[in-house]
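Trainee: Read in order, the letters of the sequence shown are residues 1 to 595 in the UniProt record's numbering.
Even glycine gets a Cβ: it sits at the ideal position worked out from N, Cα and C.
Quick caveat: nothing in here was measured; it's all calculated off a predicted structure.
Okay, here's the structure, questions in a sec.
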Amino acid sequence: MSQLRTSSSAGVAEAGDSPAPVPAPVQALVHGGTVVAAQLAQLGIGHLFTLTGGHLSPLFDGCDRAGIRLVDFRHEQAAAHAADAMARLTRQVQASAATAGPGVAGAAVAVANAWSAGSPLMLLCGRNPIATDGMGALQEAPQLDMLKPVTRVAALPLDAWRLPSVIAETAAAAMVPRPAPVAIDLPFDLLMTRLPADQVALAGGRGQSHGPGADPDAVAKTAALLRAARTPLILVGSGVYWAGAEAALDRLTRETGCPVFANGAARGILPPDHPAMIASDRARALPRADLVLAIGVDFDFRLNYGQPPLFHPDAVVVHVDADPSRLGRNRGAVMGITACPRRFVTALAEAFETGGHRVPGDWLQGLKARDVRAATARAVRLADEDGIIDHIRFAAEAARFADAETVAIGDGGDVIAETAGAIQVGRPGHWLDPGPFGCLGVGLPFAMAARLARPQAPVLAVMGDGAFGFNAMEIDSAVRQRLGFVVLIGNDGAWGEMRNFHADIFGDRCLDAQSLSRHARYDRLAEALGGHGERVERARDIRPALERARRAAEQGVPAIVDVMLDPAARRPAGVVSGAAVAAAFGGGDPSAFKS
1 MSQLRTSSSA
11 GVAEAGDSPA
21 PVPAPVQALV
31 HGGTVVAAQL
41 AQLGIGHLFT
51 LTGGHLSPLF
61 DGCDRAGIRL
71 VDFRHEQAAA
81 HAADAMARLT
91 RQVQASAATA
101 GPGVAGAAVA
111 VANAWSAGSP
121 LMLLCGRNPI
131 ATDGMGALQE
141 APQLDMLKPV
151 TRVAALPLDA
161 WRLPSVIAET
171 AAAAMVPRPA
181 PVAIDLPFDL
191 LMTRLPADQV
201 ALAGGRGQSH
211 GPGADPDAVA
221 KTAALLRAAR
231 TPLILVGSGV
241 YWAGAEAALD
251 RLTRETGCPV
261 FANGAARGIL
271 PPDHPAMIAS
281 DRARALPRAD
291 LVLAIGVDFD
301 FRLNYGQPPL
311 FHPDAVVVHV
321 DADPSRLGRN
331 RGAVMGITAC
341 PRRFVTALAE
351 AFETGGHRVP
361 GDWLQGLKAR
371 DVRAATARAV
381 RLADEDGIID
391 HIRFAAEAAR
401 FADAETVAIG
411 DGGDVIAETA
421 GAIQVGRPGH
431 WLDPGPFGCL
441 GVGLPFAMAA
451 RLARPQAPVL
461 AVMGDGAFGF
471 NAMEIDSAVR
481 QRLGFVVLIG
491 NDGAWGEMRN
501 FHADIFGDRC
511 LDAQSLSRHA
521 RYDRLAEALG
531 GHGERVERAR
541 DIRPALERAR
551 RAAEQGVPAI
561 VDVMLDPAAR
571 RPAGVVSGAA
581 VAAAFGGGDP
591 SAFKS
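Written out as structure tokens, the structure is:
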């Protein structure tokens with residue numbers, strides 16, 4: 001950098017004197033933290049979810065200059081969870097920053113959760129200066145080595161001039177072929193390096209793609225299979241949501257009358273009153289399907305790995321995904337098609353607009369009738385205001401409170417397993433849960449992100465009492481930043497799902513690790529931190545308490561309604577049954593381990 005030049009004399013020059021030297025213009029300098037923040041803003045990132053740390057101070061200063069809002073938390077895990085939620089809600093890369101060493105290690109759980117869920121979370125990692133590498137600097141750690149297994153890219157820029165391009169290239173990589181988290185180490189000396197402002201070039205990014213177009217031959221063969229089927233189903237997963245395929249899916253189903261089940265992030269991809277949308281009895285419908293058109297779906301434990309009894313062994317499966325490595329995983333497919341889900345569904349809809357076809361009407365209407373029966377059963381439950389508060393009643397109250405605009409968040413075990421099926425999601429992206437990693441504690445940070453991403457929408461976080469405890473202090477973060485939302489806790493005084501699993505195998509002895517206290521006053525914790533809190537012990541009091549919580553949330557106050565579940569209430573085992581596990585390892589005897 002050139003030195004500033006100053007005049008060697010003062011005063012007014014007299015006739016015959018040499019002209020006074022003109023000072024060189026002062027060159028504006030910017031530090032690396034400013035460059036990073038400016039590049040984030042260039043990519044459309046308007047929030048940075050973080051917890052303070054000295055390694056990040058230059059970045060914080062840069063965010064202030066770039067107009068990026070800092071949203072701070074009490075734990076780096078919660079901050080990264082919030083960035084994950086913001087990415088899911090916007091379908092764009094979003095950023096969290098964690099300070100060096102323990103900060104990055106704390107955020108790593110959230111990065112692993114985003115990896116499993118397929119979310120483009122960008123973790124910016126504070127780091128010791130490059131000059132001190134290997135010398136035992138404060139909080140020095142092998143950060144990128146820890147994160148590489150759960151990120152698509154783990155980058156380390158070695159020169160301040162490279163900061164914009166590394167950030168832009170890493171953000172682009174997070175989006176294709178399917179979204180995935182990425183991480184960037186930001187050495188402190190690079191963040192403090194000053195550069196001439198007029199010589200720093202921000203990168204525009206590479207744009208975004210959602211995979212290749214649909215092969216015409218594959219579209220034609222799929223259309224022929226669909227025309228020949230008597231009981232076909234379209235099963236859509238997270239890949240459909242990330243591809244923005246809701247309009248194309250609506251078009252296809254209106255042309256064919258083919259029923260649709262949504263899985264993962266695709267919940268809400270069509271409104272619950274859509275003529276093709278089926279909300280309940282997936283476990284009965286899938287075994288009867290002779291053709292399953294699986295689009296953007298993972299055949300993981302949530303779908304019994306695509307195996308019987310959930311799927312008929314002879315069902316024809318057509319699997320479509322932007323990522324070819326997903327095709328045929330666990331469940332072989334008659335056709336595995338690498339294509340952007342939106343472009344494939346659009347092409348398939350066009351094929352039926354030309355050729356015409358309708359799925360047999362009795363198949364769709366029979367599935368719709370089951371939805372009606374399920375809704376009727378929930379209404380009967382709600383009519384008894386003096387009934388016990390079990391998981392079904394709790395879930396029905398949550399569903400009644402949520403409207404079509406509500407962003408609903410699920411965090412927990414039994415409570416969420418029941419609630420997820422009861423709440424009818426009204427918009428794409430309006431249901432958030434941890435995803436297949438099953439990471440508890442996402443509820444409060446997800447709710448904070450939802451409030452920022454959807455400022456006009458109601459936000460409801462439904463949580464178990466165990467899940468609430470992971471990040472309970474983030475109520476303080478929400479209060480300080482005036483982020484209002486409603487938290488509905490189903491309190492059974494236990495790690496309910498795990499208690500039941502353990503007891504089914506080993507009996508009721510040694511349940512200490514499965515137990516929590518029913519005397520813990522989560523409502524009073526909320527009040528102590530500046531929020532709104534109520535405890536509810538009677539069914540008739542749940543709805544009025546939720547309405548008071550709604551009014552508090554509308555004033556920017558996080559509100560907790562702690563509902564005491566009946567201590568004898570027990571939800572039947574879901575995907576993983578303790579009794580089945582005991583029988584499998586006990587020679588067919590489900591009581592083999594209870595003696």
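Determine the direct distance from the alpha carbon of SER515 to that of THR256, and round the result to whole angstroms.
Mentor: The alpha-carbon atoms of THR256 and SER515 are separated by roughly 51 Å.
Trainee: Determine the extent of the beta strand (DSSP E) in which GLU497 is found, giving its start and end residues.
Mentor: Counting along the chain, GLU497 falls outside any beta strand (DSSP E), though it belongs to the alpha helix (DSSP H) covering 496-506.
Trainee: Beta-carbon separation of TYR241 and ILE269 under 7 Å?
Mentor: Taking 7 Å as the Cβ cut-off, TYR241 and ILE269 qualify as a contacting pair.
Trainee: What is the DSSP secondary structure of PHE394, reduced to helix, strand or coil?
Mentor: In this structure, PHE394 counts as helix in the three-state DSSP scheme.
Trainee: Within the 7 Å Cβ cut-off, does PRO308 reach chain C?
Mentor: Included in the structure is just one protein chain, with no chain C present.
Trainee: When DSSP labels each residue in this structure, what does PRO151 get in the three-state scheme?
Mentor: A small correction: the amino acid at residue 151 is Thr; Pro does not occupy that position in the sequence shown. Residue state, collapsed to three classes: coil.
Trainee: Start and end of the alpha helix (DSSP H) containing MET564?
Mentor: Per DSSP, MET564 belongs to no alpha helix (DSSP H); it is in the beta strand (DSSP E), 559-564.
Trainee: Judging by CA-CA distance, which residue of CYS340, ASP323 and HIS319 is the nearest neighbour of ARG331?
Mentor: With distances taken between Cα atoms, ARG331 lies closest to HIS319.
Trainee: If we count Cβ pairs, one from each stretch, closer than 8 Å, do we get three or more for the segment 421-428 versus the segment 394-413?
Mentor: In short, these stretches touch, since the Cβ pair count reaches three.
Trainee: Could you please give me the residues that DSSP links to PRO187 through a beta bridge?
Mentor: Per DSSP, ARG127.
Trainee: Here's the rule: buried if 16 or more other CB atoms are within 10 angstroms of the residue's CB, otherwise exposed. What is HIS519?
Mentor: It is exposed - the Cβ of HIS519 has fewer than 16 other Cβ atoms within 10 Å.
Trainee: Three Cβ pairs or more, each shorter than 8 Å: is that satisfied between the segment 220-230 and the segment 91-100?
Mentor: Not touching, per the Cβ criterion.
Trainee: Three Cβ pairs or more, each shorter than 8 Å: is that satisfied between the segment 107-125 and the segment 79-91?
Mentor: At 8 Å Cβ cutoff, the stretches touch.
Trainee: Quick one: what's got a C-beta closer than 7 Å to ALA214's C-beta in the same chain, skipping five residues either side?
Mentor: Only ALA339, ARG343, PHE344 and ALA347 meet the Cβ criterion.
Trainee: Can you have a look at GLU537 and say buried or exposed, based on whether 16 or more other CB atoms are within 10 angstroms of its CB?
Mentor: It is exposed - the Cβ of GLU537 has fewer than 16 other Cβ atoms within 10 Å.
Trainee: Hey, could you find the ends of the beta strand (DSSP E) ARG194 is sitting in?
Mentor: Element bounds for ARG194: 194-196.
Trainee: If we ignore side chains and look at the alpha-carbon of each, how far apart do THR253 and VAL372 end up?
Mentor: About 20 Å.
Trainee: Looking at LEU70 and LEU43, is the spacing between their C-beta atoms short of 7 Å?
Mentor: No, the Cβ-Cβ distance between LEU43 and LEU70 is not below 7 Å.
Trainee: Per DSSP, what are the beta-bridge partners of VAL359 in this structure?
Mentor: Answer is none; VAL359 lacks a bridge partner.
Trainee: Assuming PRO216 and ALA322 make a contact with CB atoms under 8 Å, what is their CB distance in whole Å?
Mentor: Wrong, their Cβ atoms sit about 18 Å apart, outside the cutoff.
Trainee: With contact counted as at least three CB pairs below 8 Å, one residue from each stretch, are the segment 562-574 and the segment 491-501 in contact?
Mentor: At 8 Å Cβ cutoff, the stretches touch.
Trainee: Cβ of ASP185 within 7 Å of Cβ of ARG127?
Mentor: Against a cut-off of 7 Å, the Cβ pair of ARG127 and ASP185 comes out as a contact.
Trainee: Find out if the Cβ-Cβ distance for the pair ASP281, ARG152 is shorter than 7 Å.
Mentor: Going by C-beta atoms, ASP281 is not nearer than 7 Å to ARG152.
Trainee: Mark ALA100 as exposed unless 16 or more other C-beta atoms lie within 10 angstroms of its C-beta, in which case mark it buried.
Mentor: The residue in question, ALA100, is buried, as its Cβ has 16 or more Cβ neighbours within 10 Å.
Trainee: Any chance the CB of CYS125 is under 6 Å from a heavy atom of the ligand SAH?
Mentor: Among the components modelled here there is no ligand, and therefore nothing to report on the ligand SAH.
Trainee: Going along the chain, which residues of its own chain have a beta-carbon closer than 8 Å to the beta-carbon of ASP386, five neighbours each way excluded?
Mentor: Answer for ASP386: ARG538, ALA539 and ARG540, listed in chain order.
Trainee: Assess, as a yes-or-no matter, whether the segment 56-66 is touched by the segment 398-410 under the definition of 3 or more beta carbon pairs within less than 8 Å.
Mentor: Because the criterion of three Cβ pairs below 8 Å is not met, the segment 398-410 and the segment 56-66 do not touch.
Trainee: If you drop the 5 nearest sequence neighbours on each side, which residues of the same chain put their C-beta closer than 7 Å to that of GLY16?
Mentor: Caution applies to GLY16, whose pLDDT of 46 falls short of 50 and renders its modelled position unreliable; the value that the coordinates give is listed next. Nothing meets the Cβ criterion.
Trainee: Touch check for the segment 439-455 and the segment 471-485: three-plus C-beta pairs under 8 Å?
Mentor: Yes, they touch.
Trainee: Less than 7 Å separating the beta-carbons of residue 599 and VAL200?
Mentor: Absent from the structure is residue 599, since the part of the chain shown begins at 1 and ends at 595.
Trainee: Which residue from ASP290, ALA248, GLY328 and PRO308 puts its Cα closest to that of PHE352?
Mentor: Closest by alpha carbon: ALA248.
Trainee: Whole angstroms is fine: what's the gap from SER591's alpha carbon to GLY496's?
Mentor: Those two C-alpha atoms are separated by around 20 Å.
Trainee: With a Cβ-Cβ cutoff of 7 Å, do GLY32 and LEU202 count as a contact?
Mentor: Their beta carbons are not under 7 Å apart, which means GLY32 does not touch LEU202 by this criterion.
Trainee: Could you give the residue range of the beta strand (DSSP E) that holds GLN94?
Mentor: Per DSSP, GLN94 belongs to the beta strand (DSSP E) from 94-98.
Trainee: Bridge partners for GLY438 per DSSP, in chain order?
Mentor: In DSSP, GLY438 forms no bridge with anything.
Trainee: Quick one: what's got a C-beta closer than 8 Å to GLY11's C-beta in the same chain, skipping five residues either side?
Mentor: The pLDDT assigned to GLY11 is 36, lower than 50, so where the model puts this residue is not dependable; a value taken from the coordinates is nonetheless given after this. So the list is empty, once near-sequence residues are dropped.
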